[in-house]
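As structure tokens, the structure follows; a few thoughts come after it.
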Amino acid sequence: MPDRPNWSARELPVLPDTVTVLGHRVTASCPMWRGLDWSDAILREQNTLALAFFGAKAPPDHHLDVAWCHPEDRPSGIRYRVRPRRKGWRFHKREDGAWVLRKERDHA
Numbered sequence: 001m002p003d004r005p006n007w008s009a010r011e012l013p014v015l016p017d018t019v020t021v022l023g024h025r026v027t028a029s030c031p032m033w034r035g036l037d038w039s040d041a042i043l044r045e046q047n048t049l050a051l052a053f054f055g056a057k058a059p060p061d062h063h064l065d066v067a068w069c070h071p072e073d074r075p076s077g078i079r080y081r082v083r084p085r086r087k088g089w090r091f092h093k094r095e096d097g098a099w100v101l102r103k104e105r106d107h108a
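Straight run, no breaks: the sequence shown in my numbering ends on number 108.
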């Protein structure tokens with residue numbers, strides 16, 4: 001992958017350069033990134049806390065809810081919110097199970 005993502009592409013891989021974790025930009029060596037368990041990622045369209053308060057009327061919040069564990073620890077039930085770094089992009093799970101980002105108009 002080049003130094004910067006090609007935001008004019010139709011599809012991008014989920015990498016530190018294309019997403020934020022808990023609202024932060026991270027690097028591949030950051031424990032926030034290394035501790036994400038992508039096999040347990042859940043696509044959500046609403047914030048779970050807002051759902052608890054507002055039910056179905058909770059505002060939209062497209063993100064992946066991903067299990068997280070510090071790389072030097074054991075699983076603890078912590079989940080992190082991962083969002084596309086740019087507006088207009090959405091998560092999509094390919095047939096091979098990999099998460100990717102696609103431009104909204106290309107997302108089906």
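Cβ atoms here follow ideal geometry from the backbone N, Cα and C, with glycine treated the same way.
Asked: So, under 8 Å CB-CB, Phe91 and Leu36 are touching, yes? Tell me the CB distance rounded to an integer number of Å.; Found: That pair is no contact at about 13 Å.
Asked: Assign His24 to one of two classes, buried (16 or more other C-beta atoms within 10 Å of its C-beta) or exposed (fewer than that).; Found: exposed
Asked: Quick check on His4: does DSSP put it in helix, strand or coil?; Found: Residue 4 is actually Arg in this sequence, not His. DSSP places Arg4 in coil when its eight states are reduced to three.
Asked: In whole angstroms, give me the CA-to-CA distance for Asp73 and Lys87.; Found: 34 Å
Asked: What are the uninterrupted segments assigned as beta strand (DSSP E) that are 3 or more residues long and contained completely in the segment 49–83, given in chain order?; Found: 60–68
Asked: Between the Cα of Asp40 and the Cα atoms of Cys69, Lys103, Arg10 and Pro84, which residue gives the shortest distance?; Found: Cys69
Asked: Just confirm the distance between the C-beta atoms of Leu22 and Tyr80, as a whole number of angstroms; I'd bet it's less than 8 Å.; Found: 6 Å
Asked: Could you check where the alpha helix (DSSP H) with Pro31 kicks off and where it finishes?; Found: Pro31 to Arg34
Asked: Specify the secondary structure class of Arg105 as computed by DSSP and reduced to three states.; Found: helix
Asked: Over what stretch of residues does the beta strand (DSSP E) that includes Pro13 continue unbroken?; Found: Glu11 to Pro13
Asked: If you reduce the DSSP assignment to three classes, tell me which class Ala28 lands in.; Found: coil
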